[in-house]
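Here is the structure we will look at, set down as structure tokens.
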Amino acid sequence: MSEYQAFRVELADNIAHVQINRPEKINAMNAAFWTEIVDIFRWIDDTDAVRVVVLSGAGKHFSSGIDLMLLAGVANELGKDVGRNARLLRRKILELQSSFNAVDNCRKPVLAAIQGYCLGGAIDLISACDMRYAAADAQFSIKEIDIGMAADVGTLQRLPRIIGDGMLRELAYTGRTFGAEEALDIGLVNRTFADASGLLDGVMEIAREIAAKSPIAVAGTKEMLSYMRDHRIDDGLEYVATWNAAMLQSNDLRVAIAAHMSKQKPEFLD
């Protein structure tokens with residue numbers, strides 16, 4: 001693993017803990033953040049020893065969103081020609097989107113552990129994760145509306161598949177802050193915990209449970225769930241039939257059945 005400016009990455013017990021590591025800046029997403037997250041998730045995808053990812057933020061807060069200094073830097077690149085400005089801005093937006101696409105497209109499950117602030121771009125990030133969990137002090141806001149723009153890195157595209165349309169519109173149009181209990185009520189998070197320590201312990205326990213399963217089965221399950229976001233039921237059934245025609249020949253199936261019959265805990269290869 002490489003050393004990173006914006007992250008700390010650890011691998012233990014088949015779990016990659018990816019932690020945003022700029023607590024003195026409320027884990028704001030600077031230029032290094034956007035490039036490093038792509039490299040990190042490429043490494044995760046390529047490393048068979050990684051079976052599950054836990055994504056968290058160092059310090060009191062998960063993330064305050066995009067670093068305003070980064071936005072100011074982009075503004076300084078703009079000139080007088082509208083067409084060239086539009087081309088530059090579009091390219092920058094697509095680059096940022098690709099960073100969170102790397103999280104969404106990861107073959108391993110990604111669990112977000114959220115405490116304190118989760119604002120603006122941080123909502124885009126957790127929307128790209130498989131599951132989300134929050135400490136009682138978590139505060140969420142789709143903040144982009146308050147700086148005069150529409151969220152453009154995934155929130156408005158991914159959240160409709162996570163929470164209800166009407167509630168999403170309310171939160172996106174108002175930019176209001178809401179807490180962990182409301183996030184639980186609307187389905188944004190799976191579970192809440194009393195504090196940040198309990199949050200990380202609880203999420204790691206869920207990650208360990210997933211990591212103990214067949215990595216072939218977990219990867220196939222994620223692939224099918226992701227596929228179904230954009231396809232009809234009959235398309236999905238056809239795809240899983242083709243997928244499992246190969247994957248049911250994996251030795252993991254025999255290991256799992258033998259362990260179930262002998263009431264032993266199965267052990268799977270990476």
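Heads up, the sequence shown is in the UniProt record's numbering, so the first residue is 1 and it goes up one at a time.
From the three backbone atoms N, C-alpha and C, an ideal C-beta is built for every residue, glycine too.
Bear in mind that the values here come from a model prediction, so they are computed numbers and not experimental data.
- Bounds of the beta strand (DSSP E) holding E10 are F7 to A12.
- DSSP places M149 in no beta strand (DSSP E); its state is neither H nor E.
- Assignment of beta strand (DSSP E) within the segment 20–71, counting only whole runs of 3 or more residues, yields 52–57 in chain order.
- Rounded to whole angstroms, I147 and L119 show a C-alpha spacing of 12 Å.
- Proximity to Q115 across A135, K143 and N105 peaks at A135, based on C-alpha coordinates.
- No Cβ-Cβ contact shorter than 8 Å links A112 with F140.
- By the criterion of a C-beta distance shorter than 6 Å, D270 is surrounded in its chain by D48 and A49, once the five residues flanking it on both sides are discounted.
- When Cβ pairs closer than 8 Å are counted between the two stretches, the segment 232–249 is seen not to touch the segment 28–47, the count staying below three.
- Taking 8 Å as the upper bound for CB-CB distance, V74 and A16 are not in contact here, some 30 Å apart.
- The three-state secondary structure of G120, taken from DSSP, is coil.
- Within the segment 164–209, the complete beta strand (DSSP E) segments at least 3 residues long are 191–193, listed from N- to C-terminus.
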